[in-house]
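Asker:
2 protein chains.
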Amino acid sequence: MPKRFSASEYSEGILAGNRVVLSRAITLVESTLSTDQELAQQVLDAVLPHAGRSVRVGITGVPGVGKSTFIEALGLHLVQEQGKRLAVLAVDPTSQRSGGSILGDKTRMNQLAAHPQAYIRPSPAGRSLGGVTRSTREALVLCEAAGHNVIFIETVGVGQSETAVHGMVDFFLLLMLAGAGDELQGIKKGIMEMADAVTITKADGPNEVPARRARREYQNALHLFPLAPSQWSPVVTTSSALTGAGVPEVWQVVEQYVQHTQQSGYFQRRRQEQHLHWLHETIREALETRFYARPEVQARLAEVQQRVQEGRQSAFSAAEELLRL
Amino acid sequence: MPKRFSASEYSEGILAGNRVVLSRAITLVESTLSTDQELAQQVLDAVLPHAGRSVRVGITGVPGVGKSTFIEALGLHLVQEQGKRLAVLAVDPTSQRSGGSILGDKTRMNQLAAHPQAYIRPSPAGRSLGGVTRSTREALVLCEAAGHNVIFIETVGVGQSETAVHGMVDFFLLLMLAGAGDELQGIKKGIMEMADAVTITKADGPNEVPARRARREYQNALHLFPLAPSQWSPVVTTSSALTGAGVPEVWQVVEQYVQHTQQSGYFQRRRQEQHLHWLHETIREALETRFYARPEVQARLAEVQQRVQEGRQSAFSAAEELLRL
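Protein chains in written order, with the working numbering: chain A, 241 to 565; chain B, 241 to 565.
Written out as structure tokens, the structure reads:
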């Protein structure tokens, strides 16, 4: 067990871009110990003025879509060709650091993980969705303070994490496969409407023609749908992590989006809304956690839920009953 | 001011199908007085065993789509041809009983309002979204107990009410116009993905051909999207409230959906989930309302929000600060 740093040792190390200190600070924000949490908040408040100067991109897609290889290809383009400093975080509340369904080990992004301008961090293990999203949100701030100017936040597209991730990024990218009738079933309904861009992956070899057809179909379909408040019309592209074709173009779309929304003022407005959202979400979570942890509530909850579920008591009178305790 | 009924006078009147008592009971659940709320809960718990025997349909569409005329046409079909007893409720938190944007007066559904098997109730005025959805949820229970076996819940499709309504109905119907490029902008993103069916309205005269084309386009687009947990593939139809063409077919789709989901067990499972959802939502709302109403929180909130919004304090340490008060 390494010795504990002080708050200023953490914050100075982070601001100096020290990756070891950054990693240990992220471990600190992931800790559920209240002493760690207190220290983490001091570190976060100290580095906060140096955060915020990045483009935050949520990337999602079901297993099999080629997410790791795509992120490696796009990431290498950013660090090698664009001079960016990239951090890749993951939100995967189901991961128990065993299945490795998502960034489970860095070996799936060999080259990117080895690059000095890239920092890859898997999802914290064995925590609730609320816990994972909170510590990811905090890790994002730490990575920005450490000088990373592009942040990827990766999710698997099958759960509830996407809404949370959508609430902490500037841009939401969905990876899809051509001819994905069946694969599509794996994606949770509602995710497609969050996408600012869709890229049809593995568009190489015999897959290239179906990929281009899928691109057209999705582009047409998305045009039928209402615009987001950003007034940005979602873009659909094809890409191949194997040949590299279409990979830089995805980043061009992100940059166009950033330019579009910075000019309209939406970019900054949305970030401010996100900050407020996280304030109120954190309060909500704390209030609920305290309430449901109370012994008298725990003693009655199962029975009350049963009655409500079976329609023997109205949700509202049941809520009253628990709140009166 | 009519005299107050007792809880049993309310519940007996409702169960006997007395519309005057039903109306006064809904006024009671809409009241924010705590004595009224207590009485309302007694009434609700008393009639609850007699509720739940209806098909609950959410209907949404932006102003101009012809929602009132469509609801009147479909409603008259149900009460006249199908022998149904229909209740139409509205969720419109913006309505101040003046603009009449939604069911503001019943005169827009003349014939339906006059029919003895139909009961129409506008949105409660001047309340928050939480308040409106809660009282609508309770009014739904009262209408079912009064013997209505089809419930329509109408929203305007531009706000946040749709998610709440989606959480209290079995089936979600979206009304759209052909060639609605511009009208579409009025619909909030995310609503289309909630639809179990879409009907292209005003499909008559010169509008019939574009309506049929729009039907095909939407049907194709929706097929590209993931299935909901119901495993139901959304259906797109055309209809005309003017000629009546396609109106009975919308109801056939609803009945097919009910049959499909009752056979799979999804119908009942979803209702149980909805009950639990409302329990936890009610608790959450009560906890938040109590927290934000505390004078020491109110005194600090604006300043803390400002700091968080401007990125001068992290959402999490700000939340801690407020929670410690």
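Ideal Cβ positions, reconstructed from N, Cα and C, are used throughout, including at glycine.
Source: prediction; values computed, not measured.
Any idea what DSSP makes of V295(B), helix, strand or coil?
Answerer: Your numbering for residue 295(B) matches position 55 in the second sequence. It is a strand residue.
Asker: On the DSSP letters alone, give me the boundaries of the alpha helix (DSSP H) that N521(B) sits inside.
Answerer: Along the second sequence, read from residue 1 onward, the residue named residue 521(B) stands at position 281. Checking the sequence shown, residue 521(B) turns out to be Glu, not Asn. It spans 506–533 - the alpha helix (DSSP H) in which E521(B) sits, taken as one unbroken run.
Asker: Pick from G371(B), V372(B), L380(B), S294(B): whose alpha carbon is nearest that of S263(B)?
Answerer: Residue mapping note: residue 263(B) aligns to position 23 of the second sequence, counting from 1. S263(B) has its Cα closest to that of L380(B), out of G371(B), V372(B), L380(B), S294(B).
Asker: So what's R245(A) in DSSP terms, helix, strand or just coil?
Answerer: Locating residue 245(A) in the first sequence gives position 5, where the first residue counts as 1. The amino acid at residue 245(A) is misidentified as Arg; the sequence shows Phe. In this structure, F245(A) counts as coil in the three-state DSSP scheme.
Asker: For R452(A), does the three-state DSSP call read helix, strand or coil?
Answerer: As a first step, residue 452(A) is located in the first sequence; it is residue number 212 there, counting from the start. R452(A): helix per DSSP, three-state reduction.
Asker: Whole angstroms is fine: what's the gap from L255(A)'s alpha carbon to P362(B)'s?
Answerer: In the first sequence, residue 255(A) corresponds to position 15, counting from 1. In the second sequence, residue 362(B) corresponds to position 122, counting from 1. Taking the straight line joining both Cα atoms gives about 58 Å.
Asker: Would you kindly work out how many angstroms separate the C-alpha atoms of W518(A) and R374(A), rounded to a whole number?
Answerer: Start at 1 with the first residue of the first sequence, and residue 518(A) comes out as number 278. Start at 1 with the first residue of the first sequence, and residue 374(A) comes out as number 134. Each residue's alpha carbon lies about 9 Å from the other.
Asker: Does any residue of chain A bring its CB to less than 7 Å from the CB of S335(B)?
Answerer: Along the second sequence, one-based indexing puts residue 335(B) at 95. In this prediction, S335(B) scores a pLDDT of 49, lower than 50, which makes its location untrustworthy; no coordinate-derived value is stated.
Asker: Can you grab the Cα-Cα spacing for the pair R510(B) / Q546(A), in whole Å?
Answerer: By 1-based counting over the second sequence, the position of residue 510(B) is 270. By 1-based counting over the first sequence, the position of residue 546(A) is 306. For R510(B) and Q546(A), the distance between alpha carbons rounds to 15 Å.
Asker: Would you mind reading off the limits of the beta strand (DSSP E) that contains F392(B)?
Answerer: Counting from 1 along the second sequence, the entry for residue 392(B) is found at position 152. Looking at the DSSP string, the run of the beta strand (DSSP E) that includes F392(B) is 390–395.
Asker: Considering only the alpha carbon of each residue, which of R453(A), E384(A), I311(A), L329(A) lies closest to N350(A)?
Answerer: Working through the first sequence from its first residue, we reach residue 350(A) at position 110. Relative to N350(A), the option among R453(A), E384(A), I311(A), L329(A) whose CA is nearest is I311(A).
Asker: Count the C-beta pairs between the stretch 536–556 of chain A and the stretch 544–559 of chain B that are closer than 8 Å, then say yes if the count reaches three, no if not.
Answerer: Because the criterion of three Cβ pairs below 8 Å is not met, the stretch 536–556 of chain A and the stretch 544–559 of chain B do not touch.
Asker: Let me know the secondary structure DSSP gives T439(A) once reduced to three states.
Answerer: Start at 1 with the first residue of the first sequence, and residue 439(A) comes out as number 199. Strand.
Asker: Show which residues of chain B have a CB atom less than 7 Å away from the CB atom of D285(A).
Answerer: For the purposes of this step, residue 285(A) is taken as residue 45 along the first sequence, with counting starting at 1. Around D285(A), the beta-carbon contacts reaching into chain B at under 7 Å are Q553, S554, S557.
Asker: Who are the neighbours of L298(A) on chain B, taking C-beta pairs under 8 Å?
Answerer: In the first sequence, residue 298(A) corresponds to position 58, counting from 1. At residue 298(A) the sequence reads Gly, which differs from the Leu that was named. Within chain B, no residue comes near G298(A); the closest Cβ sits about 16 Å away, beyond 8 Å.
Asker: For I342(A), which residues from the same chain have a beta carbon less than 7 Å from its beta carbon, with the 5 sequence-adjacent residues on both sides left out?
Answerer: Start at 1 with the first residue of the first sequence, and residue 342(A) comes out as number 102. Any reading at I342(A) must be qualified, since the residue scores a pLDDT of 46, below 50, and its modelled position is unreliable; the value itself is stated next. Around I342(A): A330, D332, S335, S363, E394, V396.
Asker: With DSSP as the reference, label M416(B) as helix, strand or coil.
Answerer: Here residue 416(B) is taken as the residue at index 176 of the second sequence, counted from 1. Three-state result, M416(B): strand.
Asker: Could you tell me if L565(A) is buried or exposed, where buried requires 16 or more neighbouring beta carbons within 10 angstroms of its beta carbon?
Answerer: As a working mapping, residue 565(A) is identified with position 325 in the first sequence. L565(A) is exposed by the Cβ-count criterion.
Asker: Measure from the alpha carbon of K307(B) to the alpha carbon of each residue in V487(B), Q499(B), A526(B), then state which is nearest.
Answerer: Counted from its first residue, the second sequence places residue 307(B) at position 67. Each of V487(B), Q499(B), A526(B) was checked against the Cα of K307(B), and the nearest Cα belongs to V487(B).
Asker: Taking 8 Å as the cut-off, does the stretch 470–489 of chain B touch the stretch 428–438 of chain B (at least 3 CB pairs, one atom from each stretch)?
Answerer: yes
Asker: With the cut-off set at 7 Å, would you say T269(B) and A280(B) are in Cβ contact?
Answerer: Here residue 269(B) refers to the residue found at position 29 of the second sequence. Here residue 280(B) refers to the residue found at position 40 of the second sequence. A quick correction: the sequence has Val, not Thr, at residue 269(B). Result yes, Cβ atoms of V269(B) and A280(B) sit closer than 7 Å.
Asker: Report yes if the C-beta distance between V409(A) and K324(A) is below 7 Å; otherwise report no.
Answerer: As a working mapping, residue 409(A) is identified with position 169 in the first sequence. As a working mapping, residue 324(A) is identified with position 84 in the first sequence. For V409(A) and K324(A), no; Cβs fall outside 7 Å.
Asker: Determine whether the beta carbon atoms of L566(B) and G315(B) lie at a separation below 7 Å.
Answerer: Outside the displayed range of chain B (241 to 565) lies residue 566(B), so it cannot be described from this structure.
Asker: Quick one: Cα of A461(A) to Cα of A358(B), how far?
Answerer: Against the first sequence, residue 461(A) aligns to sequence position 221. Against the second sequence, residue 358(B) aligns to sequence position 118. One C-alpha to the other measures close to 38 Å.
Asker: With 16 other CB atoms within 10 Å as the buried threshold, where does A385(B) fall?
Answerer: As a first step, residue 385(B) is located in the second sequence; it is residue number 145 there, counting from the start. When all chains shown are included, A385(B) counts as buried.
Asker: Give me, in chain order, the residues of the same chain whose beta-carbon lies closer than 7 Å to that of Q400(A); leave out the 5 immediate sequence neighbours on both sides.
Answerer: By one-based count along the first sequence, residue 400(A) stands at place 160. Taken in chain order, the residues that qualify are L369.
Asker: Using a C-beta to C-beta distance shorter than 7 Å, which residues of chain A count as neighbours of A468(B)?
Answerer: Locating residue 468(B) in the second sequence gives position 228, where the first residue counts as 1. Within chain A, the residues near A468(B) are K429.
Asker: Rounded C-beta distance between V438(A) and M416(A)? I'm assuming under 8 Å.
Answerer: Residue numbering aside, residue 438(A) sits at position 198 when the first sequence is read from its first letter. Residue numbering aside, residue 416(A) sits at position 176 when the first sequence is read from its first letter. V438(A) to M416(A), Cβ: 6 Å. Contact.
Asker: Secondary structure at L326(A), three-state DSSP: helix, strand or coil?
Answerer: For this step, residue 326(A) is matched to residue 86 along the first sequence. Here L326(A) carries a strand assignment [DSSP, helix/strand/coil].
Asker: Pull the bridge partners of F411(B) from the DSSP assignment, please.
Answerer: Here residue 411(B) refers to the residue found at position 171 when the second sequence is read from its first residue. V297(B), per the DSSP bridge assignment.
Asker: Leaving aside the five residues before and after D444(B) along the sequence, list all residues of the same chain whose C-beta is less than 6 Å from its C-beta, in chain order.
Answerer: Within the second sequence, the letter at position 204 stands for residue 444(B). If we look at D444(B) and ignore the five residues flanking it on each side, its Cβ neighbours are S480, L482, T483.
Asker: To be precise: take each residue of the stretch 508–523 of chain A, compare its Cβ to all Cβ atoms of chain B, and keep it if any distance is under 7 Å. Which residues remain?
Answerer: Q512, H515, L516, W518, L519, T522, I523
Asker: In angstroms, rounded to a whole number, what distance separates the CA positions of L318(A) and E402(A)?
Answerer: Walking along the first sequence from the start, residue 318(A) turns up at place 78. Walking along the first sequence from the start, residue 402(A) turns up at place 162. Cα-Cα distance, rounded: 24 Å.
Asker: Nearest to A327(B) by alpha carbon, out of L563(B), R377(B), R534(B), S274(B)?
Answerer: Counted from its first residue, the second sequence places residue 327(B) at position 87. The shortest C-alpha separation from A327(B) is found at R377(B).
Asker: Taking CB distances under 7 Å as the criterion, tell me whether G292(B) reaches chain A.
Answerer: Locating residue 292(B) in the second sequence gives position 52, counting from the first residue. Yes - at least one Cβ of chain A is within 7 Å of the one on G292(B).
Asker: Could you name the residues of the same chain whose beta carbon sits closer than 8 Å to that of V490(A), not counting the 5 residues immediately before and after it, in chain order?
Answerer: Here the question's residue 490(A) lines up with position 250 in the first sequence. The answer, listed in chain order, is L314, L413, A437, T439, T477, S479.
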